[in-house]
Amino acid sequence: MTRFLAFLPLGVFAAVALWVAIPLITGHDPRDLPSELIDQPAPVFDLPPLPGRDDGLANTDLGGEVMLVNFFASWCVPCLAEHPIISRLSQTVPVVAINYRDQPEDALPWLARNGDPYTRIGADTDGRVGIDWGVYGVPETFVIDRAGRIRYRHPGPLTPEVLNETLLPLIEELRG
Amino acid sequence: MIRPLAAFLLLVLAALSAPLPAAAVQPDERLDDAAMEARAREISADLRCLVCQNQSIDDSNAPLARDLRLLVRERLLAGDSDEQVVEFVRSRYGDYVLLDPPLKLSTLVLWFGGPAVLVVAGAALWLWLGRRNVAAAAAGPAPLDAAEQRRLDDLLGGEDG
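Sequence order for the protein chains is A and B. Take the position in the first sequence, starting the count at 1, then add 1054; the result is the number in the numbering used here. Take the position in the second sequence, starting the count at 1, then add 1; the result is the number in the numbering used here.
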């Protein structure tokens, strides 16, 4: 009994160490918060287009087929970093965008410079629609199924790993 | 006597005048209705800023925190109760946005982890001390060995002489 007790602190230490180490090793970022909206229909919204365009984006534009909703802004450096991946994705799946807390006149030159992979863009100038989606920073990317429900949310820039290991398999599955 | 007293009073005064945490609420955000503004401040103090995560939206200067402060005030003006405002934000950002987390299955460790460690450690200490006292009482004082006995005799003898 006493011998067993002598090893108890070591056991407690091992348990705590594992608990702390697993998220570190698997690369889980504690700042990635779960979304409340998973499996929920997209929030109701109707955003105007960027000036000089005639698309805009409303929740009624979502669904029908599997698609992505990408929150981006011209002032957002990680958005620039993920832009090539978004562009690549847009060849296999429609990507619509919500231009978040941006000056609309800055967004258009940004798209002209970096390419415009989006089928539609809505301008969320005051960030209110972002709040309805639970967005807490750009970029954020949501996967929408045929029924217009949110099935996945990725906060932060997309990486090739997220693309290949999560997004593409999920899109395939939802198309199934 | 006066001097230490004065020093003490100065110290108390300094402690009392320590800067209060400055709220980030801008003048243009404030509501005209003081009672409603007070409710907004109270609600904001319990909502986490998702950008800085360890500040409430009442303390944070992040743009999202400002948006949420304005949203809280807008909901109050629309006639929401305090609970409805909190639920409005929680339904979008999840329990994580609440700085005072609800008691449910996923937060059991958060609520009871600390007290549980205290109880277990207290029980272990109590058992250990109890066992040590029993062992000490059973053994009694250890008998002196020959060298100690000689030294004791010397000391006692010296006192006599």
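The beta carbon of each residue, even a glycine, is placed where N, CA and C say it ideally should be.
**Prompt:** What does a CB cutoff of less than 8 Å around Gly-162 of chain B pick up in its chain, not counting 5 residues either side in sequence?
**Reply:** Position 161 of the second sequence, counted from the start, is the residue given in the question as residue 162 of chain B. Confidence at Gly-162 of chain B is low in this model, with a pLDDT of 47, below 50, so the placement of that residue should be treated as unreliable; the coordinate-derived value is given next. Taken in chain order, the list of residues that qualify is empty.
**Message:** DSSP three-state label for Thr-1213 of chain A, please.
**Reply:** By one-based count along the first sequence, residue 1213 of chain A stands at place 159. Coil at Thr-1213 of chain A, not helix or strand.
**Request:** Using a Cβ cut-off of 7 Å (strictly closer), state whether Leu-1064 of chain A contacts chain B.
**Result:** By 1-based counting over the first sequence, the position of residue 1064 of chain A is 10. Closer than 7 Å: no.
**Item:** Counted within 10 angstroms of its Cβ, other Cβ atoms place Arg-1229 of chain A as buried (16 or more) or exposed
**Value:** Numbered from 1 along the first sequence, position 175 holds the residue referred to as residue 1229 of chain A. It is exposed - the Cβ of Arg-1229 of chain A has fewer than 16 other Cβ atoms within 10 Å.
**Item:** Neighbourhood of Ala-140 of chain B by C-beta, 7 Å cutoff - its chain only, sequence neighbours within 5 removed
**Value:** Taking the second sequence and counting its residues from 1, one reaches residue 140 of chain B at position 139. Same-chain partners within the cutoff: there are none.
**Request:** Would you kindly work out how many angstroms separate the C-alpha atoms of Leu-1134 of chain A and Val-1149 of chain A, rounded to a whole number?
**Result:** Residue mapping note: residue 1134 of chain A aligns to position 80 of the first sequence, counting from 1. Residue mapping note: residue 1149 of chain A aligns to position 95 of the first sequence, counting from 1. Looking at the two C-alpha atoms, the distance is approximately 16 Å.
**Prompt:** Out of curiosity, what's the CA-to-CA distance linking Asp-1188 of chain A and Ile-1198 of chain A?
**Reply:** Counting from 1 along the first sequence, the entry for residue 1188 of chain A is found at position 134. Counting from 1 along the first sequence, the entry for residue 1198 of chain A is found at position 144. Residue 1188 of chain A is actually Gly in this sequence, not Asp. Cα to Cα, the separation comes out at about 15 Å.
**Message:** 7 Å is my cut-off, CB to CB: does Leu-51 of chain B come that close to chain A?
**Reply:** Locating residue 51 of chain B in the second sequence gives position 50, counting from the first residue. By this cut-off, Leu-51 of chain B is an interface position.
**chain A residues whose Cβ lies nearer than 7 Å to that of Arg-93 of chain B** = The residue you call residue 93 of chain B lines up with position 92 of the second sequence. Near Arg-93 of chain B (Cβ distances below 7 Å), the residues of chain A are Glu-1090, Ile-1185, Asp-1186, Gly-1188.
**Message:** So the candidates are A:Gln-1157, A:Tyr-1206, A:Pro-1138; which of them puts its Cα closest to the Cα of Pro-1214 of chain A?
**Reply:** Counted from its first residue, the first sequence places residue 1214 of chain A at position 160. Between Pro-1214 of chain A and the set A:Gln-1157, A:Tyr-1206, A:Pro-1138, the nearest pair of CA atoms involves A:Pro-1138.
**Item:** Same chain only: Cβ atoms within 6 Å of Leu-1059 of chain A, ignoring 5 sequence neighbours per side
**Value:** As a working mapping, residue 1059 of chain A is identified with position 5 in the first sequence. Correct list: empty, nothing qualifies.
**Request:** Measure from the C-beta of Asp-101 of chain B to each C-beta in chain A and report whether the shortest distance is under 7 Å.
**Result:** For the purposes of this step, residue 101 of chain B is identified with residue 100 of the second sequence, where counting begins at 1. No - not a single Cβ of chain A is within 7 Å of the one on Asp-101 of chain B.
**Asked** Using a beta-carbon distance cut-off of less than 8 Å, what residues from the segment 61-80 of chain B approach chain A?
**Response** Pro-64, Leu-65, Asp-68, Leu-69, Leu-72
**Asked** Nearest to Glu-30 of chain B by CA position, among B:Val-13, B:Phe-9, B:Asp-59, B:Leu-12, is which residue?
**Response** Here residue 30 of chain B refers to the residue found at position 29 when the second sequence is read from its first residue. Residue B:Asp-59 is the option with its Cα nearest to Glu-30 of chain B.
**Message:** Helix, strand or coil, according to DSSP, for Ser-107 of chain B in the structure here?
**Reply:** Within the second sequence, the letter at position 106 stands for residue 107 of chain B. Ser-107 of chain B: helix per DSSP, three-state reduction.
**Message:** For Tyr-1154 of chain A, report the span of its beta strand (DSSP E) as first-last.
**Reply:** Looking up residue 1154 of chain A in the first sequence gives position 100. 1149-1154 is the span of the beta strand (DSSP E), which, as asked, contains Tyr-1154 of chain A.
**Message:** Which of the three DSSP states is assigned to Asp-1186 of chain A in this structure?
**Reply:** Here residue 1186 of chain A corresponds to residue number 132 of the first sequence, with the count starting at 1. Helix at Asp-1186 of chain A.
**Prompt:** Which value, in whole angstroms, describes the spacing of the CA atoms of Trp-1129 of chain A and Pro-1158 of chain A?
**Reply:** Taking the first residue of the first sequence as position 1, residue 1129 of chain A is located at position 75. Taking the first residue of the first sequence as position 1, residue 1158 of chain A is located at position 104. Trp-1129 of chain A and Pro-1158 of chain A: Cα-Cα distance of roughly 11 Å.
**Asked** Nearest chain B C-beta to Leu-1087 of chain A closer than 7 Å, yes or no?
**Response** Position 33 of the first sequence, counted from the start, is the residue given in the question as residue 1087 of chain A. So, interface residue.
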